[in-house]
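Taking it in order: structure first as structure tokens, then the write-up.
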Amino acid sequence: MLRWKPDITGDEKPPEPDAGAGPIPDPYILFLLGLGAVVLLVSWAPVGLKRVPLTLAILCVAIGVAVFSTGLLAFDPDPRTWDTATERLTELVVIIALMGAGLKLDRPVGWRRWSTTWRLLAVAMPLTIAATAWLGWAGLGFSLAMALLFGAAMAPTDPVLAADVQVGPPGSGEEGEVRFGLTSEAGLNDALAFPFVHLAVLAAAGGLAAQGGLVEWFTVKVGWKLLAGLGAGWLIGRVLGYLLFRSRRGLSRFGDGLIALAATLIAYTLTELIHGYGFLAVFVCAVTIRASERDHDFHQEMHDFSDQIERLLMMLLLVLFGGALANGLLSSLSWTDALIGLAVVFVVRPLAGLIAMAGSGQPWRERLLLAFLGIRGVGSVYYVAWGLNHGDFGDSERLWAVLGFIVLVSIIVHGVTAAPLLARLARRRGSFPAAAAPANAPASKDGD
């Protein structure tokens, strides 16, 4: 998201600095200094922040606002300017987060064991898309196409910023129903929101009125891409799982955590080459690798490496997000925009989540947390950038402002409240934060 502007072009000489101005810092050196500070934050800050109502995400956004407000850095990390770079960088962070999410799920896949996940995906996500799109159209005055893009982008629970509410590392036992539901939902709903982004692009091109456009959308963007993502992810996961744990040489003995990154990139790129949803393939690949030898220690090593890369890239993104805020990302935000943004966070997702969990048999407090802690973040930024780069939606400045406001509110509100709420739930249940359900529930005869 950075673009360097050379000080010298052609044979021109650089301007002479003022005699009393002092040396001008090299922007590249300042960038390296900032990157080093972010790495230190990734390593040390989580320990120091445990006793204060702050998260690393909040701290990095604040640092970005503070640093870019000084004017020392001569570039503006505005996603409206760097739309392609924003799409690619957020894409990379999301797929790495999806690999980590899949590897740390201790619970085997099953219809009943994953019932919370299916409810959130089949009920909460479509309701969120529909309600948010309606707010965008009726409340913000967006076109139908932009309203659909707004709804689709706001639907997924973010796999990147939701790390604090997800399950713990592989085999740690930190897998209560709330944490499991939010982790598995975040792993799958990024891919399942993609068809609606494609629908928004189709609407922007005027294709909703054409029967052929809708048929192609349903058969290709929904049917083929989902099946290709699911099948490719499973197949690649099976092959890698065999090579790592079941082959004669057992390659896990000779590998390290880098294999997690390799698996992420292979699953994503091969699936995209056959025009499937790479997000879905990465998560399914991770779950399949984990299932191939569920209790092997190598899962921990792969997860740890993936988690470190994810946190580093996430913190860099959040510093740049803070810089975008400092440089006017929210300048076009109106009071109406802010109220609708608050409604998306505090009304739409919670109500959709509660409707989805109705009749589930889960305790009321768990239902409330599953509904409330639907964090919006990097995935939403990716979808808006992708949609705007692939469709003609017109002026998008207001959409970016509302998106930035919603992500900022989610980072602050969910960041401050998630840990205390989950800790309180654990105390009331008289167990560790994630002991609401067994990590490895016994399989029934029908595979549930």
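In the numbering used here, the protein residues as written are 16 to 463.
The beta-carbon is built from N, C-alpha and C at its ideal position, and this holds for glycine as well.
No experiment lies behind these values; they were computed from the predicted model shown.
In the three-state reduction of the DSSP assignment, residue 122 falls in the coil class. By the Cβ-count criterion, residue 412 is exposed, with fewer than 16 other Cβ atoms from all chains shown falling within 10 Å of its own Cβ. When DSSP states are grouped into helix, strand and coil, residue 379 belongs to the helix group.
If you check the CB distance, residue 114 and residue 279 come in under 7 Å. Here residue 435 is exposed. Its C-beta has fewer than 16 other C-beta atoms within 10 Å. DSSP places residue 181 outside both helix and strand once states are collapsed to three, so it counts as coil. Secondary structure at residue 290: coil, using DSSP grouped into helix, strand and coil. The three-state secondary structure of residue 308, taken from DSSP, is coil.
The shortest CA-to-CA distance from residue 254 to any of 303, 428, 203 is the one to 303.
If you look at residue 87, you'll find it isn't in any alpha helix (DSSP H); DSSP assigns it neither H nor E. Assigned with DSSP and collapsed to three states, residue 342 falls in coil, not helix or strand.
Counted as a single uninterrupted DSSP element, the stretch harbouring residue 390 is not any alpha helix (DSSP H), since DSSP gives it neither H nor E. In the three-state scheme derived from DSSP, where H, G and I count as helix and E and B as strand, residue 208 is classed as coil. For the stretch 217-242, the continuous alpha helix (DSSP H) assignments of 4+ residues that do not extend past its boundaries occur at 226-231, in sequence order.
When rounded, the separation of the alpha-carbon atoms in residue 246 and residue 122 is 20 Å.
Sorting 370, 166, 199 by C-alpha distance to the C-alpha of residue 180 places 199 at the top. For residue 129, the three-state secondary structure derived from DSSP is coil. Distance from residue 312 to residue 417 at the Cβ level is roughly 45 Å; contact not present, criterion being Cβ atoms closer than 8 Å. Annotated as proximal: residue 440 and residue 380, with beta-carbon spacing under 7 Å. No residue range can be given for residue 258, since it is assigned to no alpha helix (DSSP H) and is classified by DSSP as neither H nor E. Judged by DSSP secondary structure, residue 142 falls within the alpha helix (DSSP H) whose first and last residues are 140-149.
By the C-beta density criterion, residue 322 is buried, having at least 16 other C-beta atoms within 10 angstroms.
Out of 414, 443, 426, 427, the CA that lies nearest to the CA of residue 168 is found in 414.
Here residue 194 is buried. Its C-beta has 16 or more other C-beta atoms within 10 Å. Contact between the stretch 402-410 and the stretch 342-358 is not established, with fewer than three Cβ pairs separated by less than 8 Å.
With contacts defined by Cβ atoms closer than 7 Å, residue 205 and residue 394 form a contacting pair. When the Cα atoms are used, residue 106 and residue 100 turn out to be separated by approximately 10 Å. In this chain, the alpha helix (DSSP H) harbouring residue 368 covers 364-372.
By the neighbour-count definition (other C-beta atoms within 10 Å, threshold 16), residue 216 is a buried residue. The C-beta of residue 310 has fewer than 16 other C-beta atoms within 10 Å across all chains shown, which makes the residue exposed. For the pair residue 208 and residue 170, the CB atoms are nearer than the 7 Å cut-off. When Cβ pairs closer than 8 Å are counted between the two stretches, the stretch 121-136 is seen not to touch the stretch 353-360, the count staying below three.
The three-state secondary structure of residue 313, taken from DSSP, is helix.
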